[in-house]
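*Asks:*
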Amino acid sequence: MTARHTGRGRFRVAAVAALPVAALAPVLLIGLTSGCGKQPEYPPNFTFPSRADRLVLKLPDKPAAAVNDPNSRNDEIAALDSLGGKTADPATIPAEERAKVEAFLKITFGTPAAPTVAVEGETVARLKLTAAHLAEGGKLFRAKCQQCHNLAGDGRGTSSATIPFPRDYRQGVFKFVTSSASGKPRRADLVRVIADGLVATPMPSFARLQEGERDLLAGYVVYLAVRGQVEFEGLRAAAEGRADDHAARTRAVLHEWEQAEAAPLLPAEPDDGEPGTPKHQDAVRRGLALFTAKADNSCASCHGEFGRKPVLRYEVWGTVAKPANLTDTTLKAGSRPEDVFARVRFGIPAVGMPAHPEYSDRQVWDLVRLVRSLPYPGRLPEDVRGTVYPK
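Shown next as structure tokens:
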């Protein structure tokens, strides 16, 4: 275990300890029960609920005014219409159209007790979404994840009144990916979040689970995401008066997940020496020039004063994201060099953080050197330190 990993663990404990008791209880429960005993099964009469919360079809063009109130989630999403966004209440969609979507979902994706992806071809096997995999993954999901992420993966479980909200999988959108091929995460990306948790959030580490169990959980998350995206797009089309070929949609979504798995791996990290050495400091200086560049998609346009004055952004789910304070010693999705590289290169489209395909690998690594040095004034060259920490 490296010192950096030990630091992550230490900060994770501090973040969880600062949570309110109501939010802390489920986190402790999950941690205490990880890997214990036989996993419970879903009753055979369980079905996935029909979507009742609003579909977010368009986000407001302006930055958000404030972070979310966890007790006003539905009202705040409904208010997007008055702010220049657009939402749709599923209850206003003709019952006949809703019934068509629900019938397709049940035939194609089964039930919680008997999950399946009924699509011809080898795609399901390649993605490890077979009925056998999903049945075991579903049991683990019920035991470890459902209380926050809920039965259908909508992030509205009994322990979901936390900020940031638990991830809603139903648009097939995820924030932390290492590929731009389709916007989907690799399975390994999901497994790592499950293993490490997300720093300074209620999402705990499941490192005590066996590796195979974490892989089964990741597969079940993919299943819920595919099912949820097909449902979302079907209801969206109905709300907009369009037809949607649900079977073709399912195949297309599965193909997107395959594209992510087949995408090239991240480039090797260059040897820039240790922090404080001339070569490393030169990289930090170049990174600062890129960070503060006068451009619409520059880092400083959202991470004002290096994140101390962030510009709040709407997420695709209609909720609000707060860009990271890069002078803090923790980053939600990890502070390893490859973690920061992936965020810069691929962005976080779900929250409007742009990708930067125009940068060379060398330029991205320069930004990595800067970002990882920002919390530590002693690692910054004197001229950079004066910019980041003015007296």
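Heads up: the sequence shown is residues 1 to 391, going by full-length UniProt numbering. Glycine is no exception: its CB is placed at the ideal position from the N, C-alpha and C atoms.
#1: Rounded to a whole number of angstroms, what is the C-alpha to C-alpha distance between Pro-381 and Gly-276?
#2: Quick check: Phe-176 and Ala-333, are their CB atoms within less than 7 Å of each other?
#3: Helix, strand or coil: how does DSSP classify Pro-90 here?
#4: Which class does Leu-29 belong to by DSSP, given the choice of helix, strand or coil?
#5: Indicate the three-state DSSP secondary structure (helix, strand or coil) for Lys-58 in the structure shown.
#6: Please list, in chain order, all residues of the same chain as His-280 whose beta carbon is under 7 Å from its beta carbon, the five residues on each side excluded.
#7: Using a Cβ-Cβ cut-off of 7 Å, state whether Thr-111 counts as contacting chain B.
#8: Considering only residues of the same chain and omitting the five flanking positions on each side of Asp-215, which have a CB-CB separation below 8 Å?
#9: Taking the DSSP output, what are the residues bridged to Asn-309?
#10: Measuring CB to CB, does Pro-375 end up less than 7 Å from Thr-319?
#11: Whose C-beta lies closer than 8 Å to the C-beta of Asp-366 among residues of the same chain, with five residues either side of it excluded?
#12: Just confirm the distance between the C-beta atoms of Leu-151 and Pro-112, as a whole number of angstroms; I'd bet it's less than 8 Å.
#13: Which class does residue 395 belong to by DSSP, given the choice of helix, strand or coil?
#14: When you compare the CB positions of Arg-54 and Thr-87, do they come within less than 7 Å of one another, or not?
#15: Between Ala-64 and Leu-312, is the Cβ-Cβ spacing less than 7 Å?
#16: Excluding the 5 residues flanking Pro-166 on each side, which residues of the same chain have their C-beta closer than 6 Å to its C-beta?
#17: Kindly indicate the opening and closing residues of the alpha helix (DSSP H) around Val-226.
#18: Measuring CB to CB, does Ala-115 end up less than 7 Å from Leu-134?
#19: Looking at the strands, I want to know which residues DSSP matches up with Ala-321.
#20: Closer than 8 Å is the cut-off here; do at least three beta carbon pairs connect the region 228 to 238 with the region 97 to 109?
#21: Just tell me which of Asp-168, Asp-296, Trp-257 has its CA closest to the CA of Ala-181.
#22: So, Leu-331 versus Ala-324, is the Cβ gap smaller than 7 Å?
#23: Within a Cβ cutoff of 6 Å, which residues of the same chain sit near Pro-377, ignoring the five residues on either side of it in sequence?
#24: In terms of DSSP beta bridges, what is Ile-348 paired with?
#25: Alpha carbon to alpha carbon, what distance is there between Val-117 and Pro-60?
#26: Can you find the residues in the same chain that come closer than 6 Å, C-beta to C-beta, to Gly-197, ignoring five residues on each side of it along the sequence?
#27: Can you look up Pro-337 in the DSSP assignment and give me helix, strand or coil?
#28: Is Trp-317 closer than 7 Å to Asp-168 when the C-beta atoms are compared?
#29: So what does DSSP say about Gly-197, is it helix, strand or coil?
#30: Please list the terminal residues of the continuous alpha helix (DSSP H) segment that includes Phe-148.
#31: For the alpha helix (DSSP H) holding Ile-77, just list the boundary residues, first then last.
#32: So what does DSSP say about Gly-110, is it helix, strand or coil?
#33: From Met-1 to Ala-195, what distance separates their C-alpha atoms?
#34: Would you report the Cα separation of Glu-76 and Ala-66, rounded to the nearest angstrom?
#35: Would Arg-372 be called buried (16 or more neighbouring beta carbons within 10 Å of its own) or exposed?
*Replies:* The answer reads as follows:
#1: When rounded, the distance between both Cα atoms is 7 Å.
#2: yes
#3: helix
#4: Confidence at Leu-29 is low in this model, with a pLDDT of 37, below 50, so the placement of that residue is unreliable and no value is reported for it.
#5: Reduced to three states, the DSSP call for Lys-58 is strand.
#6: Asp-272, Gly-273, Glu-274, Arg-369
#7: The displayed structure is made up of one protein chain only, and chain B is not part of it.
#8: Lys-128, Arg-187, Val-191
#9: It is Lys, not Asn, that sits at residue 309 in the sequence shown. Lys-309 is bridged by DSSP to Gly-304.
#10: For the pair Pro-375 and Thr-319, the CB atoms are not nearer than the 7 Å cut-off.
#11: Ala-283, Val-284, Arg-286, Gly-287, Leu-290
#12: 6 Å
#13: Since the first and last residues shown for the chain are 1 and 391, residue 395 lies out of range.
#14: yes
#15: Yes, the Cβ-Cβ distance between Ala-64 and Leu-312 is below 7 Å.
#16: Within the same chain, Cys-148, His-149, Gly-155, Ser-160 come within 6 Å of Pro-166 by CB-CB distance, once the 5 residues on both sides are set aside.
#17: Element bounds for Val-226: 211 to 239.
#18: A small correction: the amino acid at residue 115 is Pro; Ala does not occupy that position in the sequence shown. Contact check for Pro-115 against Leu-134 passes: the beta carbons are separated by less than 7 Å.
#19: In the DSSP output, where bridge partners are listed per residue, Ala-321 has Arg-313.
#20: The region 228 to 238 is in contact with the region 97 to 109.
#21: The shortest C-alpha separation from Ala-181 is found at Trp-257.
#22: yes
#23: Arg-385, Tyr-389
#24: Met-353
#25: Answer to the nearest angstrom: the Cα atoms are 35 Å apart.
#26: Taken in chain order, the residues that qualify are Met-203, Pro-204, Ser-205.
#27: Note: Pro-337 maps to helix in three-state DSSP.
#28: yes
#29: Correct three-state label for Gly-197: coil.
#30: Note that residue 148 is Cys in the sequence shown here, rather than Phe. 146 to 149 is the extent of the alpha helix (DSSP H) around Cys-148.
#31: 73 to 78
#32: strand
#33: The predicted model places Met-1 with a pLDDT of 37, which falls under 50 and marks its position as unreliable, so this point remains unresolved.
#34: Going by the C-alpha atoms only, they are around 11 Å apart.
#35: buried
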